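Chains as they are written, first to last, in the working numbering: chain A, 1 to 115; chain B, 116 to 230.
There are 2 protein chains.
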Amino acid sequence: MPGVTVPLYQAKAEFFRMLGHPVRIRVLELLGEAPTSVKDLLSDIGIEASSLSQQLAVLRRAGIVVSARDGGQVVYALAGPDVADLMRAARRILTEMLAGQAELRAALLDADTAA
Amino acid sequence: MPGVTVPLYQAKAEFFRMLGHPVRIRVLELLGEAPTSVKDLLSDIGIEASSLSQQLAVLRRAGIVVSARDGGQVVYALAGPDVADLMRAARRILTEMLAGQAELRAALLDADTAA
DNA sequence: TGCTTAATTGAAGACTTCTTCAATTAAGCA
DNA sequence: TGCTTAATTGAAGAAGTCTTCAATTAAGCA
């Protein structure tokens, strides 16, 4: 069943690259709390609608989120619980790592930088 | 203590972007097992020396690895245990995630794609 | 139907990141 | 010193990603 074989380290790299954008991180963390409409994501994140749509498309293509229309709005949710796990692991470890790095420590001490 | 405040979600995005390259992933996983000389990384990974150096430089700048000269060779090591934690978490979760996605399942079943 | 709001799409240019090449630095050894 | 191997650097072009804009699709409502 080989066919188009993607080496695992390359799949990993693509996965991490997919996480490598501030808007996509924020979306994933918001969806980690609860499914959310584009409208609400928009007002939470505060960027242009088309810009958010582009980033949501990246997450959708990666299969990490799913969307469903609910009347006049579209609601996004994480595709599975593993995603929330990864975000939690990343938050924990990153926070620990950043805590040890002088130049980035400010980010942790500053109130408006939560999440 | 604000000064140049990097929002945490942006620091996270940068961190993930830094992980988003197949060579860098392989290096981190090799270093997760043991400190390794550039020479050995080179023969394990099988790319051009300058190409590997460029990617090692990215990891060094991010502070995730450290290097030390040992006689004629340069040995790299993970900067801290948290990095290995993150790689383990990522491997576990990614493997679970990929297992559920048809098009990528081949990667897991194929022998030469281990790690 | 026509109007409004919600959301997505495609395309263009700006910006980054990758790869490769040639040049350079450093150590070991004759 | 001169030669070899180990590793890094800087620069140039290719390739990829981001942002923004205008156009489009879809639902709700009058």
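Each residue gets a CB set at the ideal place from its N, CA and C atoms; glycine is no exception. Quantities reported herein were computed from a predicted structural model and do not represent experimental measurements.
When DSSP labels each residue in this structure, what does VAL77/B get in the three-state scheme?
The structure shown has nothing for residue 77/B, since chain B only spans 116 to 230.
Residue of GLN10/A, LEU30/A, ALA11/A and PRO22/A minimising C-alpha distance to VAL65/A:
Here the closest residue by C-alpha is LEU30/A.
From SER37/A, LEU78/A, PHE16/A and MET18/A, residue whose alpha carbon lies closest to that of GLY71/A
SER37/A
Report back the beta-carbon spacing between ALA192/B and PRO150/B to the nearest angstrom; my notes put them in contact at under 8 Å.
Rounded, the Cβ-Cβ distance is 4 Å, consistent with contact.
Reducing DSSP to helix, strand and coil, say where ALA149/B ends up.
coil
Could you give the C-beta distance for LYS127/B and LEU94/A, rounded to a whole number, given that I count them as a contact under 8 Å?
Contact between LYS127/B and LEU94/A is confirmed by a C-beta separation of about 6 Å, below the 8 Å threshold.
Considering only C-alpha positions, which residue in the set ASP44/A, LEU28/A, ARG92/A and GLN54/A is nearest to VAL83/A?
VAL83/A has its Cα closest to that of LEU28/A, out of ASP44/A, LEU28/A, ARG92/A and GLN54/A.
Is there at least one Cβ from chain A nearer than 8 Å to GLN59/B's Cβ?
Look at the range of chain B in this structure, 116 to 230, and you will see that residue 59/B is not part of it.
Would ARG26/A and ILE45/A be called neighbours here (beta carbons separated by less than 8 Å)?
yes
LEU224/B - DSSP class collapsed to helix/strand/coil
With a pLDDT of only 38 at LEU224/B, under the threshold of 50, the placement of this residue in the model should not be trusted; the figure read from the coordinates follows. For LEU224/B, the secondary structure class from DSSP, reduced to helix, strand or coil, is helix.
LEU171/B versus SER165/B - alpha carbon distance
10 Å
Taking the straight line between their C-alpha atoms, what separation do you get for LEU52/A and MET87/A?
20 Å
Inspect the beta-carbon positions of GLY135/B and PHE16/A and report whether they are closer than 8 Å.
Less than 8 Å separates the beta-carbon of GLY135/B from that of PHE16/A.
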